[in-house]
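Residue numbers for the sequence shown follow my numbering, so the first one is 974 and each next one is one higher.
Since the structure comes first, as structure tokens, the remarks are kept for the end.
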Amino acid sequence: MSDAPLELTVLPLAGPEELGLFRRLSYVLDHELADDLGSGRRRPEWMWVALRGERVVARIAWWSPDGEVPLILDFFDLDDTLPEPERGEVGLRLLETASAAVVPAGGRRPEYGRYVPPDWREDPVTRDAVEARIRVMERAGARMLVERLRLEWRAGTPVPAGSGRLRFRPVAGREDLLALMAPVMEGTLDAHGQQDLASGLSARRAAEKHYDEELAGYTTPREWWRIAELPGGEPVGFVIPARNSYNPIIAYIGVLPARRGHGYIDDLLTEGTRVLAGQDGVERIRAATDVGNVPMAKSFERLGYVTFERAFDMVWD
């Protein structure tokens, strides 16, 4: 690793009062920072800047749902007026210095995620900025896991009536849902699910991990969660409408392997959208799916969801 210029100062924020310093570079999630700090989802010691004199030339920050252990690296910004290789050296020094202080000793580095414009490859300036950040992460040992579509249903978009092919019931409890989540892992097109299976987890254990680390954390009513069945009672799949800290979301949709190929994904998405759109004051519903999950992406398109951003996730093995 090459040394960044000696005059570079790398340090964490001393407290929330230094948020203005952190905001000297920009990113699409800047508007969430103050609330995240106030709620404890972020901590000042997880938010670092690289300074050249008074000028912020890079910044980095981690996020967690409870503020206990950093879960996601979601801010990593560089001063894109810097030439290469200087820009990359500054970014790498910040990344390595801050990671050594923030990530628990012996722990796996949290996944790096970034939101990008849907056409980021087509604009030379945007592409240069995105690829500069990817290069820094790769130099630090990360690899690209997946690129995803970020989708949005907007108030006023019609929600079609159900097809009548399926009936829906609430999820009865953790085991009721896990009994369907485990077989859904078979042949999954989701890159995170594939990664869990490739790591040696069984389908059941991967499903438990997904439930315990994500679904169990939603505080919105479990009565929103739906299991779909054929008229005779045979299960088809499930949909998890929820609300995270920022938006109503379609958190998860799954169709059992034996029921795939019959268009049931549209029925499930319609039901989940209907549940959320029926709540007071809902202006939008967010969702995401891997670029490679073409059937899911096409279902969102048919239901009137629009791709407003893309995202990519990088991981350390």
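All C-beta atoms, glycine included, are put in the ideal place defined by N, C-alpha and C.
To the nearest angstrom, report how far apart Ala1115 and Ala1105 are at their CA atoms.
Their backbone Cα atoms lie some 14 Å apart in a straight line.
For Glu980, which residues of its own chain have a beta-carbon under 8 Å away from its beta-carbon, when the five flanking residues on both sides are left out?
Cβ-Cβ distances below 8 Å link Glu980 to Arg1025 and Gly1026 in the same chain, with the five nearest sequence neighbours on each side left out; the list follows chain order.
Buried or exposed for Ala1031, please, with buried defined as at least 16 other CB atoms from any protein chain shown within 10 angstroms of its CB.
Burial of Ala1031 is indicated by the presence of at least 16 other C-beta atoms within 10 angstroms of its C-beta.
Distance, Cα to Cα, Arg1015 vs Gly1205?
Looking at the two C-alpha atoms, the distance is approximately 48 Å.
Compute the beta-carbon to beta-carbon distance between Leu1298 and Met1287, rounded to the nearest angstrom, for a pair I have assumed lies under 8 Å.
The chain is shown only over 974 to 1290; residue 1298 falls outside these bounds and no answer can be derived.
Span separating the alpha-carbon of Leu1203 from that of Leu1044
One C-alpha to the other measures close to 38 Å.
DSSP state of Gly1227, grouped into three classes?
Strand.
Compare the beta carbon distance of Ile1200 and Leu1153 with 8 Å and say whether it is the shorter of the two.
Contact: yes.
Restricting to runs no shorter than 3 residues, where is the beta strand (DSSP E) found entirely within the region 1126 to 1161?
Qualifying beta strand (DSSP E) stretches, in chain order: 1140 to 1143.
Sorted by chain position, which residues of the same chain lie with C-beta nearer than 8 Å to Ile1226's C-beta, five sequence neighbours on each side aside?
Short of 8 Å from the beta carbon of Ile1226, and not among the five residues preceding or following it, lie these beta carbons of its own chain, in chain order: Gly1210, Phe1211, Val1212, Ile1213, Ile1238, Leu1241, Leu1242, Gly1245 and Met1269.
Which term fits Gln1207, buried or exposed, when burial requires 16 or more other beta carbons within 10 angstroms of its beta carbon?
Looking at the sequence itself, residue 1207 is Glu, so the reference to Gln does not match. Counting Cβ neighbours within 10 Å, Glu1207 comes out exposed, since fewer than 16 surround it.
If Arg1177 sits next to Ala1155, beta carbons under 8 Å apart, how far is it from one beta carbon to the other, in whole angstroms?
Yes, they are in contact, since the Cβ atoms of Arg1177 and Ala1155 sit about 4 Å apart, within 8 Å.
Would you call the region 1071 to 1087 and the region 1266 to 1282 in contact, with 3 or more CB pairs under 8 Å?
In short, these stretches do not touch, since the Cβ pair count stays below three.
Confirm, please, whether the CB-CB distance from Asp1263 to Leu1162 is below 8 Å.
Yes, Cβ-Cβ distance for Leu1162 and Asp1263 is below 8 Å.
Pull up the DSSP beta-bridge partners for Glu1120, would you.
BP columns for Glu1120 point to Phe1285.
Between the region 1247 to 1254 and the region 1179 to 1187, can you find at least three pairs of beta-carbon atoms closer than 8 Å?
No, they do not touch.
State the beta-bridge partners of Tyr1024 as determined by DSSP.
Tyr is not the amino acid found at residue 1024; the sequence shown has Leu there. The partner list for Leu1024 (beta bridge, DSSP) reads Thr982 and Val1029.
Kindly indicate which residue of Trp1019, Asp1009, Ala1034 and Leu1051 has the alpha-carbon position closest to the one of Arg1028.
Comparing Cα positions, the closest option is Leu1051.
Spell out the partners DSSP gives Trp1197 in its beta bridges.
BP columns for Trp1197 are empty, so no partner.
Report the rounded CA-to-CA distance for Thr1130 versus Ser999, giving the unit in angstroms.
Distance from the CA of Thr1130 to the CA of Ser999, rounded to the nearest whole angstrom, comes to 31 Å.
Nearest neighbour of Arg1112, chosen from Leu1067, Ala1171 and Trp1198 [CA to CA]:
Of Leu1067, Ala1171 and Trp1198, the residue nearest in Cα terms is Leu1067.
For Ala1284 and Tyr1088, believed in contact at Cβ under 8 Å, the rounded distance:
Sure, about 5 Å apart at Cβ, within 8 Å.
Suppose you measure from the CA of Ala1034 to the CA of Asn1266; what does that come to, to the nearest Å?
In this structure, the CA atom of Ala1034 is about 29 Å from the CA atom of Asn1266.
Helix, strand or coil for Thr1246, going by three-state DSSP, please let me know.
Thr1246 carries a helical assignment under DSSP once its states are collapsed to helix, strand and coil.
Gly1036 by DSSP, collapsed to three states: which one?
The question names Gly, yet the displayed sequence has Trp at residue 1036. Three-state DSSP puts Trp1036 in a strand.
Outcome for Val1075 when other beta-carbon atoms lying within 10 angstroms are tallied against a minimum of 16
Val1075 counts as buried, since at least 16 other C-beta atoms from the protein chains shown sit within 10 angstroms of its C-beta.
Arg1216 to Ala1073, Cα distance in whole Å?
Each residue's alpha carbon lies about 33 Å from the other.
Following the continuous beta strand (DSSP E) through Asp1047, name the residue where it begins and the one where it ends.
Its beta strand (DSSP E) spans residues Ile1045 to Leu1051.
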